[in-house]
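Down below is the structure, laid out as structure tokens.
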Amino acid sequence: MFKIQSVVDFDGLFKIHNNLIILYANNQLTLRDFNLKVLHELTLQNTPSSFGVHNEKLLIGYSNGLLEIYSIKPLHLVKKISPVDYKNILRGTDEGHLGNAVTFTHFVSNSTFISADESSRVFCMSLKGLGWLEGLDKQRLFGRYPLPPSNPLQLPAFHSKLLDVAVCQPYTAILTPTKLIVVSLKPSPTTIYRVINEKPSDHTTGTLAWNNNTLVFNWSNTVYKVNLDDQITHSSRVYDRKIMSSHWIDSNLILLRSPTTFDLVEPASLEILESQPYDTSHLPNTPSSFQVLRKKCFFLTENHLSVAFLLNYKDRLGSLAKDGKYIEALQLAVAYFKGEGGHRLTTHLPDSTMERQPLVQPFLSSLLKSSTTYLEKTITAQSKEALRYLAKHMIEAAYLIDNLDWLFNEIFDIYQNNKLEYPFLVELEPLVRNGKLPVIPPNMSQLLLRLYDPKDHPGRYEELVLNLDATQLDLNGVIKSTKIHKLWKAFIYVHLTALGDFLTPTLELINSIRNDQQEGDKVTLFDYLGYTLSGLLYPSQKTLESIDEDYSEEGLSFRGKTSIYQLLFNGKLHSDDINTSDNYSYPYVRFLLALDSRLFFAVLNRGFEEGYFNDEGTSRPLSRQTIVNLLLEMIYTQDLPIGTITQIEVFVSTNLSKYPQFLMLPSSTILQLIMGLSEMQDDSEGNQDISGASQNERELAVESLLSTFTPNSLNKILDQLIEVFERAKFYKILKSSYRTKKEWRNLIRITLEDIYDEGLFENLNQTFKWSRDDVELFDVFETFVDTLIRLDADELVMLVDKHSNDSDEVHTNIVQWCQEKRHIVEYLAAALRIRNGELSDPLKDIYITALATYKKEEVYGAIKAYDFNHELVDRLCVEGNIIDARLYHLNAEGLHKEAFDYLRHSTSESADEDTLKRAFKVGMKIAIDYAHNGSEEANNMWFIVLSSSMTAVRKYNWSNDILDEILNAVVLHTDLNKMTFSTLFRKLVDHFMVEPKGEDKPYDQLRSVLMCFMDSIRSRQEIFSVARRIMDRDAASIINEYSEKRRSGWSASEKYRNELDELRKYNEESRKLSEIAEELEQQGVDYREIFEIPPVKQRVVKVYQ
0 MFKIQSVVDF DGLFKIHNNL IILYANNQLT LRDFNLKVLH ELTLQNTPSS
50 FGVHNEKLLI GYSNGLLEIY SIKPLHLVKK ISPVDYKNIL RGTDEGHLGN
100 AVTFTHFVSN STFISADESS RVFCMSLKGL GWLEGLDKQR LFGRYPLPPS
150 NPLQLPAFHS KLLDVAVCQP YTAILTPTKL IVVSLKPSPT TIYRVINEKP
200 SDHTTGTLAW NNNTLVFNWS NTVYKVNLDD QITHSSRVYD RKIMSSHWID
250 SNLILLRSPT TFDLVEPASL EILESQPYDT SHLPNTPSSF QVLRKKCFFL
300 TENHLSVAFL LNYKDRLGSL AKDGKYIEAL QLAVAYFKGE GGHRLTTHLP
350 DSTMERQPLV QPFLSSLLKS STTYLEKTIT AQSKEALRYL AKHMIEAAYL
400 IDNLDWLFNE IFDIYQNNKL EYPFLVELEP LVRNGKLPVI PPNMSQLLLR
450 LYDPKDHPGR YEELVLNLDA TQLDLNGVIK STKIHKLWKA FIYVHLTALG
500 DFLTPTLELI NSIRNDQQEG DKVTLFDYLG YTLSGLLYPS QKTLESIDED
550 YSEEGLSFRG KTSIYQLLFN GKLHSDDINT SDNYSYPYVR FLLALDSRLF
600 FAVLNRGFEE GYFNDEGTSR PLSRQTIVNL LLEMIYTQDL PIGTITQIEV
650 FVSTNLSKYP QFLMLPSSTI LQLIMGLSEM QDDSEGNQDI SGASQNEREL
700 AVESLLSTFT PNSLNKILDQ LIEVFERAKF YKILKSSYRT KKEWRNLIRI
750 TLEDIYDEGL FENLNQTFKW SRDDVELFDV FETFVDTLIR LDADELVMLV
800 DKHSNDSDEV HTNIVQWCQE KRHIVEYLAA ALRIRNGELS DPLKDIYITA
850 LATYKKEEVY GAIKAYDFNH ELVDRLCVEG NIIDARLYHL NAEGLHKEAF
900 DYLRHSTSES ADEDTLKRAF KVGMKIAIDY AHNGSEEANN MWFIVLSSSM
950 TAVRKYNWSN DILDEILNAV VLHTDLNKMT FSTLFRKLVD HFMVEPKGED
1000 KPYDQLRSVL MCFMDSIRSR QEIFSVARRI MDRDAASIIN EYSEKRRSGW
1050 SASEKYRNEL DELRKYNEES RKLSEIAEEL EQQGVDYREI FEIPPVKQRV
1100 VKVYQ
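Next up, the structure:
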């Protein structure tokens, strides 16, 4: 990344500017050019502490606060600026440095410069007049002067440590541990940007760096970037290392210097692109000790001024090669070639592979040869690990630039001549095994195979064989090894590519399966057969024609297919088959059918799809017709399992329609196939279908067979076989037949039998349209209604409404046909919902009766939504003890008193918890409605609901959840003008305290009621107290305003008085509740423990939250 070298022996102060190097040491100032030629020398009387350069001018700041301006050509003093007198500062007649060292000087323009001193004061000074000696304008940008000794308050002088100052016309950035200030000098010094450090400390460090209008700065390990273009933006990033300084290399790179590394950073993301270790901790940590100019970094080391050059890819590779580090250079060149080394901003290499690789390839080629020379000279001295390391990178380089001749003829020869082939072969083997090196020398192929024992590493051995040229191998040895260890892929590959032998792998696999019955061998066999019959090489899937590039009948692909077909459909065992016990004809077809008939026919289908059979010449021993005839012969002459027979029938049937120009069968045979496919084959117990093919497969096969007939013949066959298809449940065929014959009832029936068809209701709709809404068709639905309702009750209702002449009659029939009574509820609910309650009264009676029987909890919702027979509803509610529905029903009839008496009575009787809770919620809703309407009946309703719920909570040991819900409703919906909490609470206390002495008193529930009421009152008190204080604050002006408007005839002051009356009412309500609690205490109730009222708190009921 960087190359560091010494520039000149030196230990002192320096400044780099354009082509000028300024050095100061031992009172001697020296100006040199970049060739280190001395341009000027000057002896200084004072000790300089900073330099600034602009064009031909040199600005020197001294440790005593003195500033001097020199002209460089020739070098002579043109202006001296002495430190200011503190007295003049106190008088306000002068500005400038006191006797402090000037730590920063920088020309802004030819006549303006910025300077800063060690007391953290920053000044902008401008030379005025026609010449340099005319006058000086000074402005303090930052810092304060020390306070005079006569300061009566003895306040300490303000002091902020100055970390760095940086200038970029027209901006000056000033950095301290606590803040960053950016000052614009035009038209007059003005602060335009400020950032505060949220985590300052005594150890905070920082530096500044400008690039045009972009500023980079850091506080310790956090780097910030500020863009001062039209819209000021900033970003930051925290690093895991201390940042000693930050610098711009160019507009695309930032250099961060940490104690141990140089880090190159991308400005946009502030992400580190590259790092180079370098111990910089001993370097002076001042802004001037490390300077960057034109991608060169100048800094002081021990007695040296050193420079670090940023290297591009050429420089880096050349530098490593020059230093004799050939392998490191080769490794780096490989990384550049692959786009993995460095970043385009640091290496100057393009991102595009097409553009990058041609740039790197010459270097890679040259370094490969240099590395080869290095290897030849040092190979005997290298360890095995080092030789593997060298081989790895040289192999990769040769592979990338496609210089394999050099790899095998030069590099490998060096290893081989020194009898050190193993390290090279170990590194070469992954490339070969992964198929990246398809061609290698024959001797190397043999050596590679010796790396692995097929017994210990069968997988790697097989992969190697598959990726080597089989013709270059020891065929006997490889075939023997792969057969012994059952490496069938390699075994097949060698036989096919080296020997052109397709029979031996087939026979070996068949015999292996006969002996071991391994599932993996079965899959391999069928895959191999399928690949071969499809003209592909197993297992690579390359075309067989690509092996020998022979597309004739003498080619490998044609010979392979012919060999396989001849073997499989041979009537006897092959002469090379070691098995002699199979005396059946067509032993191999029988074997494959028994092994897996589905896989066998999948393979055969792939073969039929190939063009091999399209030209039925003399060179083809078999044809599609021959194979089909042979399979049909096996059905009728050999004892095959039912499942196998069905698979043969499916295969023949589907191919008969697929290849009509090649396959022909007599009608009698086709009918036999249809009958065979239509028969349901069950096991001995009559339960399981053992036909070997799914119903859908068999039906598709029958459809294929039927497609071979002419329309007239087809109609006759359908008439003859319709009952057969009914038994076989071939719904698609049956639907088509009945649709053609316009037998709508049968079509509806078959459609309903195919009940799980996704388009069921759509098909039914279409059938009714075709039949012109024949009402008699709905009779067919009788045995299917339960399933239809279960599938979609809404669709069934819409179907009836759309296509029946008397929908109520059909709905009634469907209800009567329901076997499951819950379906009556579901169906009629859908009918009411879809028809918006417009249903006949008998159907409504049926619905509400079923609902009261099977779903009592839904009766309330039903009678609320729809209108039913009132007497029937009341009777059903009484008989079924449906309290919530009867409560609602009585109230809807205007019998609200009877309704709530019924609620109170039901609470005393036995009832299940869910029923009572639903009733209380209904009573609560009714009370809310009455309260909103301003009815005084709401008071009694609230009392009954509250007292009944309190009784139920105590009687049935419920939690207080239902009571809390009711109390919240009371508080939320009660108008205190109509009913007061104290009155309601008094009624509850009187009601429960007069109960017999033996009865338990609901003290817990009463306490809950009291606490809720008191909280509500207090909440309202707080709200109106705040309102009162607000009104009292402006009382005078409000009263005056009210008075004036009242004199005009508008009684505006009534509003104020009404609000105060509301507040008094709440106070009075609170007092009454407290009195009731005290009365209870006098009656013997432990008031302090049970009804103790806590102090006012911030709890508010839901309505006020």
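Every letter in the sequence shown is one number past the one before it in numbering that gives the first Met the number 0, and letter 464, counting from 1, is 463.
All C-beta atoms, glycine included, are put in the ideal place defined by N, C-alpha and C.
Note that this is a predicted model, so its numbers are computed, not measured.
Check: Neighbour-count burial assignment, D8, 16 or more Cβ in a 10 Å radius; Outcome: exposed
Check: Unbroken alpha helix (DSSP H) run spanning F1, endpoints; Outcome: Element bounds for F1: not the alpha helix (DSSP H) but the beta strand (DSSP E), F1 to D8.
Check: Under the three-state DSSP convention, the category M124 falls into; Outcome: strand
Check: Contact between the region 493-513 and the region 471-478 (3+ Cβ pairs under 8 Å); Outcome: yes
Check: Burial state of V164, where buried means 16 or more other Cβ atoms lie within 10 Å; Outcome: buried
Check: Cβ contact (3+ pairs, closer than 8 Å) linking the region 545-560 and the region 483-490; Outcome: no
Check: For E40, the residue or residues it bridges with in DSSP; Outcome: T29
Check: Proximity to R139 [Cα-Cα], best of L945, T171, G95 and S159; Outcome: G95
Check: Whole-number beta carbon distance between D883 and R917, since they are thought to touch under 8 Å; Outcome: 4 Å
Check: For R832, the three-state DSSP class (helix, strand or coil); Outcome: helix
Check: Supposed contact pair L74 and L41 - C-beta distance, whole angstroms, cut 8 Å; Outcome: 6 Å
Check: Where D638 falls, given that 16 or more other Cβ within 10 Å makes a residue buried; Outcome: exposed
Check: Best match in R256, N63 and K56 for proximity to Y69 [C-alpha to C-alpha]; Outcome: K56
Check: DSSP bridge partner residues for V306 (one or two, in chain order); Outcome: Q4 and F297
Check: Short Cβ contact (9 Å threshold) for S245 with V225; Outcome: no
Check: Status (buried if at least 16 other CB within 10 Å, exposed otherwise) for Y755; Outcome: exposed
Check: Within 9 Å, strictly: CB atoms of I881 and A851; Outcome: yes
Check: Beta-bridge partners of Q290, as assigned by DSSP; Outcome: F297
Check: Alpha-carbon spacing of I439 relative to N311, whole angstroms; Outcome: 36 Å
Check: Residues that R236 bridges to, as DSSP identifies them; Outcome: V222
Check: Span separating the alpha-carbon of F780 from that of R821; Outcome: 18 Å
Check: Continuous alpha helix (DSSP H) stretch holding L167: start and end; Outcome: A quick correction: the sequence has Cys, not Leu, at residue 167. Note, C167: premise wrong, no alpha helix (DSSP H); beta strand (DSSP E) at D163 to C167.
Check: Cβ shell of L436 (< 6 Å), same chain only, five flanking positions each side left out; Outcome: L430
Check: For H53: DSSP bridge partner residues; Outcome: K56
Check: Assigned secondary structure, W743 (DSSP; H/G/I helix, E/B strand, else coil); Outcome: helix
Check: S1052 - DSSP class collapsed to helix/strand/coil; Outcome: Low confidence applies here, because S1052 scores a pLDDT of 48, under 50, leaving its location unreliable; read the following figure in that light. Helix, per DSSP.
Check: Identified DSSP bridge partners for K78; Outcome: I68
Check: Residues that DSSP places opposite F112 in a beta bridge; Outcome: F106 and M124
Check: Spatial neighbours of S584 in its chain, beta-carbon cut-off 7 Å, leaving aside the 5 residues before and after; Outcome: G570
Check: Distance between E856 and G1083 (C-alpha atoms, nearest Å); Outcome: Caution is warranted here: a pLDDT of 48 is assigned to G1083, below 50, making its placement in the model unreliable, and the coordinate value is therefore given only provisionally. If you take the alpha carbons of G1083 and E856, they lie about 44 Å apart.
Check: Euclidean distance between Cα positions of F157 and G60; Outcome: At F157 the pLDDT is 46, less than 50, meaning the model places this residue with poor confidence; the figure from the coordinates comes in the next sentence. Looking at the two C-alpha atoms, the distance is approximately 24 Å.
Check: Bounding residues of the beta strand (DSSP E) (the contiguous stretch that carries A208); Outcome: L207 to N210
Check: For T92, three-class secondary structure by DSSP; Outcome: coil
Check: Residue burial classification, Y550 (beta-carbon count within 10 angstroms, cutoff 16); Outcome: exposed
Check: Three-pair Cβ contact test at 8 Å for the region 670-679 versus the region 618-627; Outcome: no
Check: Alpha-carbon spacing of R315 relative to M0, whole angstroms; Outcome: 7 Å
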